[in-house]
Amino acid sequence: MNATDMLAVALDAVARGWHVFPLRPNSKKPPALHGEKDCPRSGICATTHQGWEQRAMNDPDQVRWFWTSRRYAGCNVGVATGPSGLLVVDLDSVDSPADVPTDGWKRVGVRDGHDVFAVICEEAGQPVPWETLTVDTPSGGRHLYFRAPRDVQLRNTQGATGNGLGWKVDTRGWGGYVVAPGSTTPTGRYELVEDLPVADLPTWLVHRLSPKPVTATTAAPQIASQRLPAYVDAAVRGECHYVAQAAPHEHNAVLYAASGQLGQLVGGGMLPAFQAEQALYAAATHMINGSCGCTEREIRRVIEKGLRAGEQRPRTAPPNKTRRGAA
1 MNATDMLAVA
11 LDAVARGWHV
21 FPLRPNSKKP
31 PALHGEKDCP
41 RSGICATTHQ
51 GWEQRAMNDP
61 DQVRWFWTSR
71 RYAGCNVGVA
81 TGPSGLLVVD
91 LDSVDSPADV
101 PTDGWKRVGV
111 RDGHDVFAVI
121 CEEAGQPVPW
131 ETLTVDTPSG
141 GRHLYFRAPR
151 DVQLRNTQGA
161 TGNGLGWKVD
171 TRGWGGYVVA
181 PGSTTPTGRY
191 ELVEDLPVAD
201 LPTWLVHRLS
211 PKPVTATTAA
221 PQIASQRLPA
231 YVDAAVRGEC
241 HYVAQAAPHE
251 HNAVLYAASG
261 QLGQLVGGGM
271 LPAFQAEQAL
281 YAAATHMING
291 SCGCTEREIR
301 RVIEKGLRAG
311 EQRPRTAPPN
321 KTRRGAA
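In terms of the UniProt record's numbering, the sequence shown opens at residue 1 and continues consecutively.
Okay, here's the thing in structure tokens:
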């Protein structure tokens, strides 16, 4: 497809209310935007690196500038699911005859993510929610688009890991993206096969995908000598909750993001640095020497780096509830 075609793909996605960013031409990853390692620390990144999720755009004029520029013309289109208010269920196909169901999914008739999702729905006593915008992927998979709930932040899941749904069933929410329909790869095109209104994510799936409550082993430590304001305490617990629930493939990204959020409170004088570091480390201990290969040294390095970055964007307490007009 030429540059004009890809501009049309990006504008169509924006017209649907989605937030987009450029992927490399004819590829689904990695994003074409610069990474943290190559960040010039200027412009939009003057204070701290802004990743693809932060830079995803919903302005048609901005999209036209990007997809007609020399650097980004012809780029595939990524849809940042979190900012777009989406939760996409990704039903994967099998890669080869050797790609067989994992333990717990070795059942008659279960061959891929489509079958697993159908079984999940059946066991929950719920109909399979096919009636929504649907995209078929070049590899034979399928993306089911849903409106994410506003009262809970659903993050990515992979397979049966953590609070994931099952073998060959991934989800993309905050921290994730999908390739927009109309984009192409060497193996084919992302095809919009059901151009239906995006349905609400069924309530039972919201419950299945919601992070589990923080347990005593992963909760932020209580330090009696430094009582935190309710707003700050809630922020610490929330970020530590995400860290405690992070899947192996996203340990560093989740830990860095959470450290950055708490670093903003440190920079604003709302949270002692040592307390932020202790809480984050306590929540991240499950990552050490796990399947991802994270070490204690690496965990502490990521926390320190994230806190430093957050401190460059200080955040203080929210406005008093009696004040009006603040967003």
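The beta carbon of each residue, even a glycine, is placed where N, CA and C say it ideally should be.
Fair warning: this is a prediction, and the values are worked out from it, not measured in the lab.
Apart from the 5 residues on each side of it in sequence, G17 has no Cβ closer than 6 angstroms to any other Cβ in its chain. Secondary structure of C75 (DSSP, three-state): coil. E296 and A309 have their C-alpha atoms roughly 20 angstroms apart. DSSP places D61 in the uninterrupted alpha helix (DSSP H) bounded by P60 to T68.
Taking C-beta atoms under 8 angstroms as the contact rule, L7 and F21 fail to qualify, at a distance of about 14 angstroms.
Shown here, L33 sits in coil according to DSSP, grouped into three states, outside any helix or strand. Proximity of the stretch 177-190 to the stretch 110-123 falls short of the contact definition, fewer than three beta-carbon pairs being nearer than 8 angstroms.
Exclusion of the five residues before and after Q153 leaves W174 as the residues of its chain whose Cβ lies within less than 7 angstroms of its Cβ. In this structure, DSSP gives R147 an extended state, which the three-state scheme calls strand. Shown here for R107: same chain residues with a beta carbon closer than 8 angstroms to its own, the five before and five after excluded, namely P101 and V119 in chain order. Note on geometry: alpha-carbon atoms of G43 and V254 lie some 25 angstroms from one another.
Across the structure, K29 and W52 are spaced so that their CA atoms are roughly 12 angstroms apart. The DSSP-derived three-state label of L262 is helix.
The stretch 184-193 makes no contact with the stretch 55-73; the number of CB pairs closer than 8 angstroms stays below 3. A Cβ-Cβ separation of about 6 angstroms places Y145 in contact with T132 under the 8 angstroms criterion. Our two residues, W130 and V89, have alpha carbons roughly 11 angstroms apart in a direct line. A Cβ-Cβ distance of about 14 angstroms is found for the pair L11 and N76, leaving them out of contact under the 8 angstroms criterion.
Considered as a whole, the stretch 150-203 harbours 169-172, 177-179 and 191-194 as its complete beta strand (DSSP E) runs of no fewer than 3 residues, in chain order. In this structure, the CA atom of A56 is about 25 angstroms from the CA atom of G164. Secondary structure note for V108: it is in no alpha helix (DSSP H), with a DSSP letter that is neither H nor E. Separation of the CB atoms of A73 and H19 is rounded to 20 angstroms, and the pair is thereby denied contact status at 8 angstroms. Of the residues assessed, D103 falls on the exposed side of the cut-off, its CB having fewer than 16 other CB atoms within 10 angstroms. In the three-state scheme derived from DSSP, where H, G and I count as helix and E and B as strand, R142 is classed as strand.
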